[in-house]
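Read in order, the letters of the sequence shown are residues 1377 to 1792 in this note's numbering.
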Amino acid sequence: MRYSALAIMRQVLNGHRGWTPAWRDPEPQSNYDFIVIGGGGHGLATAYYLASEHKAARVAVLEKGWIGGGNVGRNTTIIRANYMLDGNQPFYELSLKLWENLEQDLNYNAMVSQRGILNLCHTDAQRDAYRRRGNAMMFTGSGAELLDTEGVRAMYPYLNFDDARFPIKGGLLHRRGGTARHDGVAWGYARAADQRGVDIIQNCEVKGFRIENGKVLGVETTRGYIGAKKVGVAVAGSSGRVMAQAGMRLPIESHVLQAFVSEGLKPVLDGVITYGAGHFYVSQSDKGGLVFGGDIDGYNTYAQRGNLPVVEDVAEGGMSLMPMIGRARLLRMWGGVMDMSMDGSPFIDRTGIDGLFFNGGWCYGGFKATPASGFCFAHLMATERPHEVATAFRLDRFKTGRMIDEKGMGAQPNLH
Ligand SMILES: Cc1cc2nc3c(=O)[nH]c(=O)nc-3n(C[C@H](O)[C@H](O)[C@H](O)COP(=O)(O)OP(=O)(O)OC[C@H]3O[C@@H](n4cnc5c(N)ncnc54)[C@H](O)[C@@H]3O)c2cc1C
């Protein structure tokens, strides 16, 4: 069923009795050409591009819970391509290009909104660093504008400009960045993959790998053994646990990150702002809630909930940037488990086991990467060669010294 204005009108006349489920609920088959473990954004996007770009016919996504229950439905929805280093920026620019056409591609309203992202700076040194990053963004066509204090004031007059400790000295504006509806992205990819024949199997936890003579043959799951020619792992915060089942230890730690939503307010913030003097970022949802977040909680955990000291820290960041936020009530908060790599950058790579591929280490920046991550992981799994914009995301980079220490990724676990 294609979604369109005409389809909605037809359903209205029909009393909404003709809608069909967005994707099937198939029983697992005994074997597949490709199995993708993890029905988050990255796993679903990988399956979609395997089917759409590489014409793979026998593909399954195995998800231990339900579609959208992981980080893809828990993040603060920010998408952007404002990185600096060679290994990263072309990848994120590809992702942004895929976002720009995503809804037409998937025939799904993922509420992609290029409302602009403004990174604020508070010192001269920070402004210099933003100028350098902005130049790198312009090289890849992502676009960047450096604003002075008055430029920022014209956009957001209510910010705390004259704070003696953290005066706002300007900002780096990335107009093509913005937000997308997080779980809508998962549903859109799931539906589009299903329409291309991908089996999306929920409530199917992978408990082990069958590996013989250095080659993966399939996976043991809570719904029985399923054979596969190739297996891709995209389980985000569970990366360490799942890859341990294949005997691999990863340069990744799992940490919890929280998100917060205020009560609904009248439109007050039409873009995304990140505070350069603390760790705080905020946008406003279409329902009116201020959606914001800050730092990870700072201890290893697999629990999808956080603790109060970070709530206080994030609220303080909000208060010092936009004091009027103190009058809004905090409505909801939740946590997600982040796969934090030791240089803040991700992995899209083969493993030492033939037919087994790994995608992870997205830290808290993996939502924006969803389209390109799926695109490049599908390319790697189908062709056994890395996509040209993802050649740096190697698992052995800590051994070879080719780390991608990228400030644009956000804070790193080794710095906490
Ligand atoms: C609070 C918060 C805010 C964030 N804000 C942003 C942001 O603004 N912008 C941004 O770019 N990124 C953000 N992120 C990061 C982003 O959400 C993640 O990096 C990204 O979603 C991870 O990829 P995913 O969608 O595939 O993960 P997930 O949705 O977590 O998918 C992984 C899936 O694997 C499944 N799984 C695990 N183990 C198994 C198993 N054994 N068998 C089968 N399935 C298994 C899980 O159930 C899960 O559904 C944020 C994250 C959080 C938590």
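Using N, Cα and C, we set each Cβ at its ideal position, and we do this for glycine too.
Within 10 angstroms of its Cβ, does residue i collect 16 or more other Cβ (buried), or is it exposed?
i	result
Pro1722	buried
His1392	exposed
Lys1583	exposed
Tyr1678	exposed
His1792	Note that His1792 scores 45 on pLDDT, short of 50, meaning its location in the model is unreliable and no value can be drawn from it.
Gln1634	buried
Val1667	buried
Arg1773	buried
Ala1381	exposed
Tyr1675	exposed
Leu1523	buried
Ile1454	buried
Gly1463	buried
Gln1405	exposed
Asp1501	Per the sequence shown, residue 1501 should be read as Ala rather than Asp. Label assigned to Ala1501: exposed.
Cys1377	Strictly speaking, residue 1377 in this sequence is Met, with Cys absent from that position. It is exposed - the Cβ of Met1377 has fewer than 16 other Cβ atoms within 10 Å.
Arg1509	buried
Lys1775	exposed
Val1658	buried
Asp1673	buried
Lys1591	exposed
Glu1781	For the sequence presented, residue 1781 should be read as Asp rather than Glu. It is exposed - the Cβ of Asp1781 has fewer than 16 other Cβ atoms within 10 Å.
Using the DSSP secondary-structure output, state which residues sit across from residue i in a beta bridge.
i	result
Ser1428	Beta-bridge pairing links Ser1428 to no other residue.
Met1709	Phe1636
Glu1629	Met1716
Cys1497	Gly1546
Tyr1601	Glu1596
Asp1409	DSSP, once it has assigned bridges, lists no residue as partnering Asp1409.
Arg1795	No answer is possible for residue 1795: it lies beyond the span of the chain, which begins at 1377 and ends at 1792.
Gly1554	Ile1455
Ser1659	Val1667
Lys1606	Phe1410
Ser1489	Thr1555
Glu1733	At residue 1733 the sequence reads Phe, which differs from the Glu that was named. Paired residues: Gly1608, Arg1726.
Ile1672	Leu1633
Can you give me the start and stop residues for the alpha helix (DSSP H) that residue i sits inside?
i	result
Lys1663	No alpha helix (DSSP H) holds Lys1663; DSSP gives it neither H nor E.
Ile1729	Element bounds for Ile1729: n/a, residue is neither H nor E.
Leu1389	1381–1389
Met1698	Met1698 -> no alpha helix (DSSP H), and no H or E assigned at all.
Pro1747	1742–1759
Phe1774	1773–1776
Val1618	1615–1620
Residue range of the beta strand (DSSP E) that residue i falls in?
i	result
Ile1649	1648–1651
Glu1521	1521–1524
Asp1559	That residue, Asp1559, is in no beta strand (DSSP E); its alpha helix (DSSP H) goes 1558–1571.
Ile1644	For the sequence presented, residue 1644 should be read as Val rather than Ile. Neither: Val1644 is in no beta strand (DSSP E) and is coded neither H nor E.
Val1435	1435–1438
Asp1481	Element bounds for Asp1481: not the beta strand (DSSP E) but the alpha helix (DSSP H), 1478–1482.
Asp1575	1575–1577
Give the C-beta separation of residue i and residue j to the nearest angstrom, bearing in mind that I take them to be a contact with Cβ-Cβ under 8 angstroms.
i	j	result
Pro1685	Trp1475	Actually they are not in contact, since the Cβ atoms of Pro1685 and Trp1475 sit about 34 angstroms apart, beyond 8 angstroms.
Gly1553	Ala1457	7 angstroms
Met1513	Ala1520	4 angstroms
Ala1768	Arg1778	7 angstroms
Gly1682	Val1632	5 angstroms
Leu1420	Ala1604	The pair is not a contact, with the Cβ atoms about 17 angstroms apart (cut-off 8 angstroms).
Ala1745	Tyr1425	Rounded, the Cβ-Cβ distance is 13 angstroms, inconsistent with contact.
Quick check: is the beta carbon of residue i nearer than 9 angstroms to any beta carbon in chain C?
i	result
Val1648	The chain labelled as chain C is not found in the depicted structure, where only one protein chain is given.
Contact between the region 1529–1541 and the region 1439–1456 (3+ Cβ pairs under 8 angstroms) = no
message = For the region 1596–1615 against the region 1704–1719, do three or more pairs of beta-carbon atoms, one drawn from each stretch, fall closer than 8 angstroms, so that the two count as touching?
response = yes
inquiry  = Does the region 1437–1446 come into contact with the region 1553–1570, if we say contact requires no fewer than three beta-carbon pairs (one atom in each stretch) closer than 8 angstroms?
reply    = yes
task = Indicate whether the contact test is met: 3 or more Cβ pairs, each with one atom in the region 1494–1506 and one in the region 1584–1592, closer than 8 angstroms.
result = no
The region 1482–1490 / the region 1586–1606 touching (three or more Cβ pairs under 8 angstroms) = no
message = For the pair the region 1428–1435 and the region 1570–1582, tell me if three or more CB-CB distances fall below 8 angstroms.
response = yes
task = Mind the definition here: the region 1683–1700 touches the region 1640–1659 only if three or more C-beta pairs lie below 8 angstroms; say whether that holds.
result = yes
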